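Chemist:
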Amino acid sequence: MEKPNEPNPEDCCNSGCNPCIFDIYEEQLKLYKKYLLNKESVNVTPQDNAISQLKYTGFVLVKNLPVGHLHHHLFFKKKSEDNMKVSWKPGDHFLYKYNSDKNSCTRAYTPLRVQNEQSLISDFSIIVKKYEHGLVSSQLCNLDEGSITFWRGPYGHYNLQCNKFERIIMIAQGTGIAPFISIIETILNNEDELTKLILIYCCKNENSILFREELYSYKSYWNFKYEIFVSNASLPLKCRYQEPIKSHRFSSNSLLPLKPFTNNDQVLICGAPEFNMTYKLYLEAEIPEVENIILF
Numbered sequence: 275m276e277k278p279n280e281p282n283p284e285d286c287c288n289s290g291c292n293p294c295i296f297d298i299y300e301e302q303l304k305l306y307k308k309y310l311l312n313k314e315s316v317n318v319t320p321q322d323n324a325i326s327q328l329k330y331t332g333f334v335l336v337k338n339l340p341v342g343h344l345h346h347h348l349f350f351k352k353k354s355e356d357n358m359k360v361s362w363k364p365g366d367h368f369l370y371k372y373n374s375d376k377n378s379c380t381r382a383y384t385p386l387r388v389q390n391e392q393s394l395i396s397d398f399s400i401i402v403k404k405y406e407h408g409l410v411s412s413q414l415c416n417l418d419e420g421s422i423t424f425w426r427g428p429y430g431h432y433n434l435q436c437n438k439f440e441r442i443i444m445i446a447q448g449t450g451i452a453p454f455i456s457i458i459e460t461i462l463n464n465e466d467e468l469t470k471l472i473l474i475y476c477c478k479n480e481n482s483i484l485f486r487e488e489l490y491s492y493k494s495y496w497n498f499k500y501e502i503f504v505s506n507a508s509l510p511l512k513c514r515y516q517e518p519i520k521s522h523r524f525s526s527n528s529l530l531p532l533k534p535f536t537n538n539d540q541v542l543i544c545g546a547p548e549f550n551m552t553y554k555l556y557l558e559a560e561i562p563e564v565e566n567i568i569l570f
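Using the working numbering, read the sequence shown as starting at 275 and increasing by one per residue.
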């Protein structure tokens with residue numbers, strides 16, 4: 275067993291990750307000390323993941339695809355050639371290491387493995403929204419193909435259990451849909467799953483709808499339904515046949531058709547902090563088991 279590398283203060287993304295990288299380091303350090311005392315007394319899990327929680331791994335940007343006006347879909351492949359695969363659980367995130375002459379920090383992004391041509395040549399992909407004054411998002415969106423990037427992970431607190439709930443209700447805002455895509459695909463691809471999936475997706479305009487084709491294809495499954503709410507629909511929406519897009523802002527009234535909520539419901543929320551807290555507080559008054567409400 276190798277001694278774990280102690281993280282630097284800037285390695286923490288300050289996003290309230292559970293577990294934090296420093297928690298993981300302390301756990302690994304305790305195991306390492308036990309290993310030194312008595313090597314046979316420590317049950318060390320083999321490291322068969324191509325990405326590590328405690329040290330950065332280099333990945334090459336193999337494709338940079340603009341999506342609409344503000345988003346980019348970036349595809350990465352591990353720099354070194356070996357047989358190890360990048361793996362993660364549905365809902366997990368990776369940390370990206372940003373370095374410049376003046377700044378060094380990390381940012382959390384949800385890894386994706388969407389089935390398309392690019393997925394055949396990459397280990398994972400991410401969706402990035404480019405912000406006007408965002409150092410990290412601007413750097414990522416402007417990366418040239420062939421650039422080397424550094425990532426660590428996976429991290430996450432969500433544990434998907436087969437048929438634990440009758441319904442999983444997902445409320446996403448903008449790029450907050452990313453962690454739900456892998457959750458949806460995992461459940462839909464499991465023939466033993468009877469959980470009903472309901473996705474509510476909030477977007478500013480039609481051009482900012484992410485994974486529109488994928489969501490429309492999921493509609494063919496008996497246990498999946500969704501609605502997209504577009505808050506700034508200035509022009510008539512160009513919808514496909516029975517595509518469930520609403521040309522108005524989402525509100526708590528939009529949840530009324532889902533009542534009554536029960537202990538057999540789980541609600542997942544991912545968006546801006548104010549968005550998350552607004553609907554968390556609303557649902558805490560509706561759902562008996564508040565532990566069933568999870569923020570991403």
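Note that the Cβ used here is the ideal one computed from N, Cα and C, for glycine as well. This one's a predicted model, so the numbers in the text were calculated from it and none came from an experiment.
#1: Quick check on residue 516: buried or exposed, where buried means 16 or more other Cβ atoms within 10 Å of its Cβ?
#2: By how many angstroms is the C-alpha of residue 304 removed from the C-alpha of residue 315?
#3: Measure the CB-CB distance between residue 507 and residue 476 and report whether it falls below 8 Å.
#4: Less than 8 Å separating the beta-carbons of residue 434 and residue 348?
#5: Hey, quick one: how far does the alpha helix (DSSP H) through residue 482 stretch, first residue to last?
#6: Thinking just about the alpha-carbon of each residue, which of 350, 535, 489 and 408 is nearest to the one in residue 418?
#7: Looking only at its chain, what residues have a beta carbon closer than 8 Å to the beta carbon of residue 558, apart from the 5 residues adjacent to it on each side?
#8: By a C-beta neighbour count over all protein chains shown, 10 Å radius and 16 as the cutoff for buried, is residue 480 buried or exposed?
#9: Spell out the partners DSSP gives residue 571 in its beta bridges.
#10: Please state if the CB of residue 454 and the CB of residue 542 are separated by a distance shorter than 8 Å.
#11: Do residue 362 and residue 450 have their C-beta atoms closer together than 8 Å?
#12: Since residue 513 is in the beta strand (DSSP E), which residue starts that stretch and which ends it?
#13: Can you list, in chain order, the residues of its chain whose CB lies under 6 Å from that of residue 452, leaving out five sequence neighbours each side?
#14: Here's a check: name, in chain order, each residue in its chain whose Cβ is nearer than 8 Å to the Cβ of residue 387, leaving out the five neighbours to either side.
#15: Write down the C-beta distance between residue 468 and residue 458 rounded to the nearest angstrom, noting that I regard them as a contact closer than 8 Å.
#16: I'd like to know whether the C-beta atoms of residue 404 and residue 344 end up nearer to each other than 8 Å.
#17: Once DSSP output is grouped into helix, strand and coil, what is the label at residue 428?
#18: Tell me residue 333's beta-bridge partners as DSSP assigns them.
#19: Quick check on DSSP: helix, strand or coil for residue 436?
#20: Given that a residue counts as buried once 16 or more other Cβ atoms are within 10 Å of its Cβ, and exposed if not, what is residue 369?
#21: DSSP on residue 344, reduced to helix/strand/coil?
#22: Go to residue 415, then tell me how far its beta strand (DSSP E) extends in each direction, as first and last residue.
#23: Ends of the alpha helix (DSSP H) at residue 548?
#24: Does residue 425 pass the burial test, meaning 16 or more other C-beta atoms within 10 Å, or should it be called exposed?
#25: Using a 10 Å radius around the Cβ and a threshold of 16 neighbouring Cβ atoms, would you call residue 411 buried or exposed?
#26: Within 10 angstroms of its Cβ, does residue 346 collect 16 or more other Cβ (buried), or is it exposed?
Modeler: If we stick to the structure as given:
#1: Numbered from 1 along the sequence shown, position 242 holds the residue referred to as residue 516. Result: exposed.
#2: Residue mapping note: residue 315 aligns to position 41 of the sequence shown, counting from 1. Residue mapping note: residue 304 aligns to position 30 of the sequence shown, counting from 1. Confidence in residue 315 is poor, its pLDDT being 48 and thus under 50, which makes the residue's placement unreliable; the coordinate value appears in the next sentence. Cα to Cα, residue 315 sits roughly 13 Å from residue 304.
#3: Residue mapping note: residue 507 aligns to position 233 of the sequence shown, counting from 1. Residue mapping note: residue 476 aligns to position 202 of the sequence shown, counting from 1. Not in contact: residue 507 and residue 476 (Cβ atoms no closer than 8 Å).
#4: Here the question's residue 434 lines up with position 160 in the sequence shown. Here the question's residue 348 lines up with position 74 in the sequence shown. Their beta carbons are not under 8 Å apart, which means residue 434 does not touch residue 348 by this criterion.
#5: As a working mapping, residue 482 is identified with position 208 in the sequence shown. Where residue 482 is concerned, there is no enclosing alpha helix (DSSP H), given that its DSSP letter is neither H nor E.
#6: As a first step, residue 418 must be located in the sequence shown, where it is residue number 144. Residue 418 has its Cα closest to that of 350, out of 350, 535, 489 and 408.
#7: Locating residue 558 in the sequence shown gives position 284, where the first residue counts as 1. So the qualifying residues of the chain are 564 and 567.
#8: Counting from one through the sequence shown, the residue named residue 480 turns up at place 206. Result: buried.
#9: Any answer about residue 571 is impossible in this case: the structure gives the chain only from 275 up to 570.
#10: Your numbering for residue 542 matches position 268 in the sequence shown. Your numbering for residue 454 matches position 180 in the sequence shown. Yes. Within cutoff.
#11: Position 88 of the sequence shown, counted from the first residue, corresponds to residue 362. Position 176 of the sequence shown, counted from the first residue, corresponds to residue 450. No, Cβ-Cβ distance for residue 362 and residue 450 is not below 8 Å.
#12: As a first step, residue 513 must be located in the sequence shown, where it is residue number 239. Residue 513 -> no beta strand (DSSP E), and no H or E assigned at all.
#13: Here residue 452 refers to the residue found at position 178 when the sequence shown is read from its first residue. Here the set comprises 384 and 401.
#14: For the purposes of this step, residue 387 is taken as the residue at position 113 of the sequence shown. 393, 398, 399 and 456, listed in sequence order.
#15: As a working mapping, residue 468 is identified with position 194 in the sequence shown. As a working mapping, residue 458 is identified with position 184 in the sequence shown. Actually they are not in contact, since the Cβ atoms of residue 468 and residue 458 sit about 15 Å apart, beyond 8 Å.
#16: Residue 404 sits at position 130 when you count from the first residue of the sequence shown. Residue 344 sits at position 70 when you count from the first residue of the sequence shown. Their beta carbons are under 8 Å apart, which means residue 404 touches residue 344 by this criterion.
#17: Position 154 of the sequence shown holds residue 428. DSSP places residue 428 in strand when its eight states are reduced to three.
#18: Here residue 333 refers to the residue found at position 59 when the sequence shown is read from its first residue. Its beta-bridge partners are 352 and 423.
#19: As a working note, residue 436 is residue 162 in the sequence shown. Here residue 436 sits in coil by DSSP.
#20: Residue mapping note: residue 369 aligns to position 95 of the sequence shown, counting from 1. So residue 369 counts as buried.
#21: Along the sequence shown, read from residue 1 onward, the residue named residue 344 stands at position 70. Here residue 344 sits in coil by DSSP.
#22: The residue given as residue 415 occupies position 141 in the sequence shown. Element bounds for residue 415: not the beta strand (DSSP E) but the alpha helix (DSSP H), 409-415.
#23: For the purposes of this step, residue 548 is identified with residue 274 of the sequence shown, where counting begins at 1. Run containing residue 548: 547-558, per the alpha helix (DSSP H) assignment.
#24: For the purposes of this step, residue 425 is taken as residue 151 along the sequence shown, with counting starting at 1. By the 10 Å Cβ count, residue 425 comes out buried.
#25: Residue 411 sits at position 137 when you count from the first residue of the sequence shown. Per the 10 Å Cβ criterion, buried.
#26: Here residue 346 corresponds to residue number 72 of the sequence shown, with the count starting at 1. Residue 346 comes out buried.
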